[in-house]
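*Asks:* This structure is in structure tokens; I'll ask about it shortly.
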Amino acid sequence: MVLNEVGKFLLELEKAELEAPAGVASAQTYAQLLAMYLYQNDLCNAKCLWKRIPSNLKDANSELGRIWAVGKHMWQRDWPAVHVALNADWSEDVSGIMTALKDSSWTILSDSVREQAMTLISKAYSSLGLTVLASMTGLALEEAQQAAMERGWSIDGTMVQPVKIDKEQSTFTNEICLTEDQLKKLTQFVSFLEN
């Protein structure tokens, strides 16, 4: 399974669920679809899918429960638990998706869990312990220290002082321009209707 065509793969899985005989798809389809929703950080659809999956399939396939455990922790924003849950052995059907969810080098459309955690840390903390950083990102102490240094964060012994990530600021500027364009179009449309 190649993650460079996420949208197409997701549509195929959703179609397979809808067209399944007797309205119940295979455990493999549900597992891949649930993992794809988590990969795209679409927690609402993941939660709804989890509720739609028949109980007998959940009981028969423990991997569905493990995938949903990751989703539950993401929903609760319990990042250390997300990383612990992601470090499971996955079947061939979902291993690529779950590895992509964990590993930022595979990220294509959405930020990985680790990148999301680093962004949240940069916004929320003025300083934190290296062990806290490591547990929130699911990295070993040395890897967490390396990741902090790569982002230009200062490290003083076991304390890390994050710096806000610039890419978030540039994204926010683009959203403002997009909103202004939308407002202009809406104003022109209303003006047209009134005249």
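Its first residue numbered 807, the sequence shown is counted upward by one per residue in my numbering. For glycine and all other residues, C-beta sits at the position ideal for the given N, C-alpha and C. This structure is a prediction, so every number in the text was calculated from the model and none was measured.
#1: From this set, Glu811, Leu824, Ala837, which residue's C-alpha is nearest Ala852's C-alpha?
#2: What residue from Met924, Glu898, Glu869 has the CA that sits closest to Arg883's CA?
#3: Taking only the alpha-carbon atoms, compute the straight-line gap between Gln846 and Thr964 and give it to the nearest angstrom.
#4: Alpha helix (DSSP H) containing Asp962: first to last residue?
#5: Can you check which of these residues, Val890, Val812, Glu869, is closest to Glu898 by C-alpha distance?
#6: Compute the Euclidean distance between the alpha carbons of Tyr843 and Arg920, then round it to the nearest angstrom.
#7: Is the beta carbon of Val876 closer than 8 Å to that of Leu855?
#8: Which residue or residues does DSSP assign as beta-bridge partners of Gly935?
#9: For Ile903, does the three-state DSSP call read helix, strand or coil?
#10: According to DSSP, is Ser911 helix, strand or coil?
#11: Would you call the CB atoms of Leu939 and Ile927 closer than 8 Å?
#12: Just to confirm before moving on: does the CB-CB distance between Ala822 and Ala831 stay below 8 Å?
#13: Terminal residues of the continuous alpha helix (DSSP H) containing Ala799?
#14: So for Pro827, helix, strand or coil by DSSP?
*Replies:* To lay it out plainly:
#1: Ala837
#2: Per the Cα distances, Met924.
#3: 33 Å
#4: Looking at the DSSP string, Asp962 is not in any alpha helix (DSSP H); the run it does join, the beta strand (DSSP E), is 960 to 962.
#5: Glu869
#6: 17 Å
#7: no
#8: Met965
#9: helix
#10: Residue placement at Ser911 is flagged as unreliable, the pLDDT there being 36, under the threshold of 50; a coordinate-derived value is accordingly withheld.
#11: yes
#12: yes
#13: Given that the chain is displayed from residue 807 to residue 1001, the structure contains no residue 799 and the question cannot be resolved.
#14: helix
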